[in-house]
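Trainee: In this note's numbering, the protein residues as written are 98 to 522.
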Amino acid sequence: MSRRFDVIIVGAGASGLTAGIQAARMGAHVLILEHMEKAGKKILATGNGKCNFTNEKQGIAYYNGKNPAFVLPVFRQFGVTETLRFFEELGIYPQNLREGCYYPASGQAASIVEVLLMECKRLEVRILYNVGIREIRQEAEDFSFHTKQGIFESRSCIIATGGKAAKKTGSDGSGFLYVANLGHTLTDMVPALVQMQGKQSFLKEIAGIRAKGKITLYIENRKVAQDCGELQMTEFGVSGIPAFQVSRYASYGLLQGKRLFVILNFLPQFSKRQTVDLIKKRFLTYGKGKTAEQALVGLFPRKLISVFLTEANIPLGKKSQNCSEKDLINLAQVIQSLRVDIIGTKGFDNAQVTAGGIDTDEINPTTMESRFVPGLFFAGEVVDIDGMCGGYNLQWAWSSGTVAGIAAVQRMEKAEKTFQTHESL
Ligand SMILES: Cc1cc2nc3c(=O)[nH]c(=O)nc-3n(C[C@H](O)[C@H](O)[C@H](O)COP(=O)(O)OP(=O)(O)OC[C@H]3O[C@@H](n4cnc5c(N)ncnc54)[C@H](O)[C@@H]3O)c2cc1C
């Protein structure tokens with residue numbers, strides 16, 4: 098195999114494979130260096146194996162980082178419409194299953210990896226697996242990759258090594274070392290889209306419960322983030338999409354040693370007044386002759402009922418008609434604001450993404466090129482951008498991979514033209 102390429106990409110994940118395809122479509126000779134035994138391992142885990150690969154609802158509100166607006170010039174070049182077309186042309190029939198989330202109609206994340214690899218093969222993008230990169234150096238205008246398999250050289254380099262989340266899929270944070278060695282700054286990195294650990298002992302009692310609700314995160318008593326949906330209670334804390342959505346803020350709060358808690362509202366569709374009225378009706382009208390515990394059956398899962406009553410200091414066996422007005426107001430308040438003190442998260446191993454990464458101030462958002470290492474490009478989660486749950490992280494990977502792949506080739510073409518002009522002078 099030739100050891101000299103136009104573009105060498107580090108990482109055969111979502112953004113790296115896309116960058117490789119786009120660069121090769123521009124006529125470049127491309128090599129992808131991957132340290133795992135196969136490509137796209139994290140893609141296989143996405144959307145519970147079904148791959149929520151984009152979302153029709155877009156905007157900077159769905160992205161986080163030091164500067165979320167950084168995504169805009171990237172999405173203007175390659176957004177949802179272009180992504181859907183890109184995958185349809187590769188053979189993916191997109192299905193809009195819920196709230197704007199797109200999945201392949203096959204119901205298999207593996208289809209996404211397969212079509213990307215078929216396209217790489219068609220375009221003769223080389224992928225070298227099980228590569229151990231010791232160092233990436235920039236010498237004159239070129240990059241050299243010092244690996245256990247020898248030295249490879251290229252005109253442009255794209256770092257697409259992902260973050261630190263779910264390291265068994267390959268994104269173990271090692272890519273950040275190359276980036277730091279090449280002079281770039283990394284912002285604080287924390288696990289995001291991750292389960293949160295709580296302190297309260299009642300969590301063990303309600304483990305396994307899934308209920309519709311609203312979660313509000315407070316850091317040092319200040320409301321920071323909120324989301325609604327299916328809350329999943331676990332024996333260690335809170336999980337489910339709403340918990341994931343607020344978890345990045347919790348991770349940063351914990352990193353800074355701050356005190357945080359979440360308030361869970363199990364009747365978010367009702368106002369305080371409506372909740373009190375509902376509870377009174379159940380206890381004092383329908384509930385006559387029933388115990389307090391029985392009066393809530395049918396409204397909440399059984400295990401949750403006992404926690405609500407215990408937290409409201411109402412004995413489970415107390416006759417419902419004997420509950421005072423104060424008891425019922427108290428109970429309504431517990432149902433709408435059950436407090437869980439957050440003492441940790443389940444960490445990078447269980448997180449879906451990394452919040453933080455390469456400082457976006459050091460990257461040109463129209464090309465994804467380093468502002469001070471010419472020819473060095475970045476794509477995907479390695480950059481300080483993290484999306485909400487719902488297809489946003491993969492959208493960022495496809496979009497930034499495309500922009501980096503195309504710009505890496507355009508830069509070379511420009512340099513070539515300048516060289517030819519100089520030669521002809
Ligand atoms: C369980 C789970 C479910 C998810 N579900 C969704 C979802 O449904 N929708 C969504 O949008 N997002 C989802 N995500 C997030 C999404 O998968 C990632 O944000 C996305 O894959 C990031 O793409 P990437 O190319 O930046 O990194 P990755 O896809 O992680 O690819 C990085 C690649 O680089 C390789 N690599 C790393 N270091 C080196 C090195 N030193 N040398 C060589 N190769 C290296 C890795 O092995 C890997 O192949 C999920 C994540 C997880 C863990």
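Think of the CB as a built atom: it goes at the ideal place given N, C-alpha and C, for glycine as much as any other residue.
Is it true that the CB of G295 sits closer than 9 Å to the CB of V335?
Mentor: Here residue 335 is taken as the residue at index 238 of the sequence shown, counted from 1. Here residue 295 is taken as the residue at index 198 of the sequence shown, counted from 1. It is a contact, given that the beta carbons lie within the stated cut-off.
Trainee: Can you tell me the Cα-Cα spacing of A142 and C148, whole angstroms?
Mentor: Counting from one through the sequence shown, the residue named residue 142 turns up at place 45. Counting from one through the sequence shown, the residue named residue 148 turns up at place 51. Rounded to the nearest angstrom, the two C-alpha atoms are 7 Å apart.
Trainee: Report the partner residues of M293 according to the DSSP bridge assignment.
Mentor: By one-based count along the sequence shown, residue 293 stands at place 196. Bridge partners of M293: V335 and T442.
Trainee: Given this structure, state the Cα-to-Cα distance separating A202 from P191, to the nearest angstrom.
Mentor: In the sequence shown, residue 202 corresponds to position 105, counting from 1. In the sequence shown, residue 191 corresponds to position 94, counting from 1. Their backbone Cα atoms lie some 6 Å apart in a straight line.
Trainee: Assign N410 to buried or exposed, taking buried as 16 or more other Cβ atoms, counted over all protein chains shown, within 10 Å of its Cβ.
Mentor: The residue given as residue 410 occupies position 313 in the sequence shown. That one is exposed.
Trainee: Using 8 Å as the cut-off, classify the Cβ of A136 as near or not near the heavy atoms of ligand 1, replying yes or no.
Mentor: Here residue 136 refers to the residue found at position 39 of the sequence shown. At least one heavy atom of ligand 1 is nearer than 8 Å to the Cβ of A136, so yes.
Trainee: Is M465 a contact residue of ligand 1, with contact defined as CB to any heavy atom under 8 Å?
Mentor: For the purposes of this step, residue 465 is taken as residue 368 along the sequence shown, with counting starting at 1. Because no heavy atom of ligand 1 lies under 8 Å away, the Cβ of M465 does not count as near it: no.
Trainee: Going by the DSSP bridge assignment, what does E236 pair with across the sheet?
Mentor: For the purposes of this step, residue 236 is identified with residue 139 of the sequence shown, where counting begins at 1. Partner(s): D239.
Trainee: If you count every other CB in all the chains shown that lies within 10 Å of the CB of R379, and 16 or more means buried, which is it?
Mentor: Looking up residue 379 in the sequence shown gives position 282. The residue in question, R379, is buried, as its Cβ has 16 or more Cβ neighbours within 10 Å.
Trainee: For the 8 Å Cβ check, are there 3 or more pairs between the segment 246 to 258 and the segment 472 to 487?
Mentor: Flag = yes, the segment 246 to 258 and the segment 472 to 487 touch.
Trainee: In this structure, how does DSSP classify I376 when only helix, strand and coil are distinguished?
Mentor: Residue mapping note: residue 376 aligns to position 279 of the sequence shown, counting from 1. I376 falls in the helix class under three-state DSSP.
Trainee: Flag this pair as yes or no: are the beta carbons of T499 and T151 separated by less than 9 Å?
Mentor: For the purposes of this step, residue 499 is taken as residue 402 along the sequence shown, with counting starting at 1. For the purposes of this step, residue 151 is taken as residue 54 along the sequence shown, with counting starting at 1. Contact: no.
Trainee: Ligand 1 and V359: does any heavy atom of the ligand fall closer than 8 Å to the residue's C-beta?
Mentor: The sequence position of residue 359 within the sequence shown is 262, counting from 1. Checking every heavy atom of ligand 1 against the Cβ of V359, none is found closer than 8 Å.
Trainee: For L361 versus R307, is the C-beta spacing smaller than 9 Å?
Mentor: Sequence index remark: in the sequence shown, residue 361 carries index 264 (1-based). Sequence index remark: in the sequence shown, residue 307 carries index 210 (1-based). For L361 and R307, no; Cβs fall outside 9 Å.
Trainee: For ligand 1, any of its heavy atoms closer than 8 Å to the Cβ of T331?
Mentor: In the sequence shown, the residue the question calls residue 331 occupies position 234. Result no, Cβ not under 8 Å from ligand 1.
Trainee: Within 10 angstroms of its Cβ, does A501 collect 16 or more other Cβ (buried), or is it exposed?
Mentor: Residue mapping note: residue 501 aligns to position 404 of the sequence shown, counting from 1. Buried is the call here.
Trainee: How should A166 be labelled, buried or exposed, when 16 other C-beta atoms within 10 angstroms of its C-beta is the threshold for buried?
Mentor: Translated into positions along the sequence shown, residue 166 becomes position 69. It is exposed - the Cβ of A166 has fewer than 16 other Cβ atoms within 10 Å.
Trainee: Apart from the five residues on each side of it in sequence, which residues of its chain come closer than 8 Å, Cβ to Cβ, to C486?
Mentor: Here residue 486 refers to the residue found at position 389 of the sequence shown. Here the set comprises L290, I338, F341, Q342 and Q449.
Trainee: Hey, would you say the C-beta of L491 is under 8 Å away from at least one heavy atom of ligand 1?
Mentor: Locating residue 491 in the sequence shown gives position 394, counting from the first residue. Yes - ligand 1 has a heavy atom lying nearer than 8 Å to the Cβ of L491.
Trainee: What's the call for I248, buried or exposed, on a 16-neighbour Cβ count within 10 Å?
Mentor: Here residue 248 corresponds to residue number 151 of the sequence shown, with the count starting at 1. By the 10 Å Cβ count, I248 comes out exposed.
Trainee: Near Q292, which residues of its chain fall below 8 Å by C-beta distance, leaving aside the five closest residues on each side in sequence?
Mentor: The sequence position of residue 292 within the sequence shown is 195, counting from 1. Here the set comprises T331, F333, G334, V335, S336, A340, F341, S344, T442, K443 and N447.
Trainee: How about C217: is its Cβ closer than 8 Å to a heavy atom in ligand 1?
Mentor: Locating residue 217 in the sequence shown gives position 120, counting from the first residue. No, ligand 1 has no heavy atom inside 8 Å of this Cβ.
Trainee: Out of A207, E510, E216 and V480, point me to the one whose CA is closest to F183's CA.
Mentor: Residue numbering aside, residue 183 sits at position 86 when the sequence shown is read from its first letter. When only C-alpha atoms are compared, the closest one is E216.
Trainee: Taking the continuous beta strand (DSSP E) assigned at P201, which residues delimit it?
Mentor: Position 104 of the sequence shown, counting from 1, holds the residue named residue 201. Where P201 is concerned, the enclosing beta strand (DSSP E) stretches over C198 to P201.
Trainee: DSSP beta-bridge partners for P288?
Mentor: Within the sequence shown, the letter at position 191 stands for residue 288. Its beta-bridge partners are T451.
Trainee: So does the segment 398 to 415 actually touch the segment 269 to 284, counting three or more Cβ pairs closer than 8 Å?
Mentor: With the cut-off at 8 Å, the segment 398 to 415 and the segment 269 to 284 do not touch.
Trainee: Taking DSSP as the reference, what is the three-state secondary structure of E211?
Mentor: Position 114 of the sequence shown, counted from the first residue, corresponds to residue 211. DSSP places E211 in helix when its eight states are reduced to three.
Trainee: Touch check for the segment 158 to 173 and the segment 122 to 133: three-plus C-beta pairs under 8 Å?
Mentor: The answer is no - the segment 122 to 133 does not touch the segment 158 to 173, with fewer than three Cβ pairs under 8 Å.
Trainee: Is any heavy atom of ligand 1 found at a distance shorter than 8 Å from the C-beta of I224?
Mentor: In the sequence shown, the residue the question calls residue 224 occupies position 127. No.
Trainee: Given this structure, state the Cα-to-Cα distance separating I432 from K309, to the nearest angstrom.
Mentor: For the purposes of this step, residue 432 is taken as residue 335 along the sequence shown, with counting starting at 1. For the purposes of this step, residue 309 is taken as residue 212 along the sequence shown, with counting starting at 1. Approximately 12 Å between the Cα atoms of the pair.
Trainee: Use the C-beta contact count for S298: other C-beta atoms within 10 angstroms, 16 or more gives buried, fewer gives exposed.
Mentor: Position 201 of the sequence shown holds residue 298. Exposed is the call here.
Trainee: Going by C-alpha to C-alpha distance, which of S467, V104, G156 and W493 sits closest to V222?
Mentor: Working through the sequence shown from its first residue, we reach residue 222 at position 125. The shortest Cα separation from V222 among S467, V104, G156 and W493 belongs to V104.
Trainee: Any idea which residues DSSP pairs G326 with across the strands?
Mentor: To locate residue 326, count along the sequence shown from 1; it is residue 229. In the DSSP output, where bridge partners are listed per residue, G326 has G310.
Trainee: Based on the DSSP output, what are the partners of P191 in its beta bridges?
Mentor: The residue given as residue 191 occupies position 94 in the sequence shown. P201.
Trainee: Compute the Euclidean distance between the alpha carbons of K423 and K355, then round it to the nearest angstrom.
Mentor: As a working note, residue 423 is residue 326 in the sequence shown. As a working note, residue 355 is residue 258 in the sequence shown. So the two alpha carbons sit approximately 34 Å from each other.
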